[in-house]
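Sequence positions in the sequence shown follow my numbering and run 1 to 151.
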Amino acid sequence: MRVTREALATLAQQHGPAIVPGGNLPFNRVDTATWVPTVRGGVMRTYFAGLGPEGEGAPHIMKLSTSTQTTLDYLSEDDLASKLRVQVAASPVVAALLVNSPLYAGHLDGVLSHRCRDWLRMDPRRVGSPRPALRTPLTAKAPPTGRWACP
Numbered sequence: 001m002r003v004t005r006e007a008l009a010t011l012a013q014q015h016g017p018a019i020v021p022g023g024n025l026p027f028n029r030v031d032t033a034t035w036v037p038t039v040r041g042g043v044m045r046t047y048f049a050g051l052g053p054e055g056e057g058a059p060h061i062m063k064l065s066t067s068t069q070t071t072l073d074y075l076s077e078d079d080l081a082s083k084l085r086v087q088v089a090a091s092p093v094v095a096a097l098l099v100n101s102p103l104y105a106g107h108l109d110g111v112l113s114h115r116c117r118d119w120l121r122m123d124p125r126r127v128g129s130p131r132p133a134l135r136t137p138l139t140a141k142a143p144p145t146g147r148w149a150c151p
């Protein structure tokens, strides 16, 4: 992997772009990055600001974080439960290995992963491992009301 990374860095150096590991925009600051102009973004900013210290990481995540999403199809409820348990168990390990975002505003400041730190400073009801995914039985049925509860 190191040889591949060095070859990519050499190629990038010849053409101008920078290859930077991590899950955050490494050269921006939260106070200079622009908001995407959506109604949803305004609602989210108001909500997280109202949380006080528990929501202080939200602007960093909303402005600076990058992500990759994975969609896993499943064949049955048992297959879903199995795949979800593996994903939930593996997620912290994958984050530790790949979400190394040590740069903020182009500088190293001693934080190994700004992205992980900022996610830990989000609404604690919305982040972390979903505990029901680790329980048995796990079902994909909607609650009796037919609606999922969200604060």
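Beta carbons: idealized from backbone N, C-alpha and C, even for Gly.
From a predicted model like this one, the values you see are computed outputs, not experimental measurements.
Query raised in the report: Between P151 and the rest of its own chain, which residues show a CB-CB distance below 7 Å, the 5 nearest in sequence each way excluded?
Result: For P151, the predicted structure reports a pLDDT of 45, less than 50, and the residue's modelled location is therefore unreliable. A value from the coordinates is still provided. The answer, listed in chain order, is R125.
Report task. Quick one: residues in its chain with C-beta nearer than 7 Å to the C-beta of L134, no 5 flanking neighbours on either side, listed in chain order? Result -> R85, V88
Query raised in the report: Taking only runs of the alpha helix (DSSP H) that begin and end inside the segment 78 to 136, which ones reach a length of at least 4 residues, in chain order?
Result: 114 to 120
Query raised in the report: Just to confirm, are A90 and N28 a CB contact at a threshold of 9 Å?
Result: no
**Report entry** Given L108 as reference, the closest of I61, P26, R117, G42 once Cα atoms are compared
**Finding:** P26
Query raised in the report: When you compare only the Cα positions, how much space is there between G110 and T46?
Result: 30 Å
**Report entry** Distance, Q13 Cα to N100 Cα
**Finding:** 21 Å
Query raised in the report: Assuming R210 and S82 make a contact with CB atoms under 8 Å, what is their CB distance in whole Å?
Result: No statement about residue 210 is possible, as the shown extent of the chain runs from 1 to 151 and does not include it.
Requested in this report: Would you list the residues sitting across from N24 in a DSSP beta bridge?
Outcome: S65
Report task. Tell me whether A58 is buried or exposed, calling it buried when 16 or more other Cβ atoms sit within 10 Å of its Cβ. Result -> buried
Query raised in the report: Relative to the C-alpha of P92, which residue among L120, L103, L51 is closest?
Result: L120
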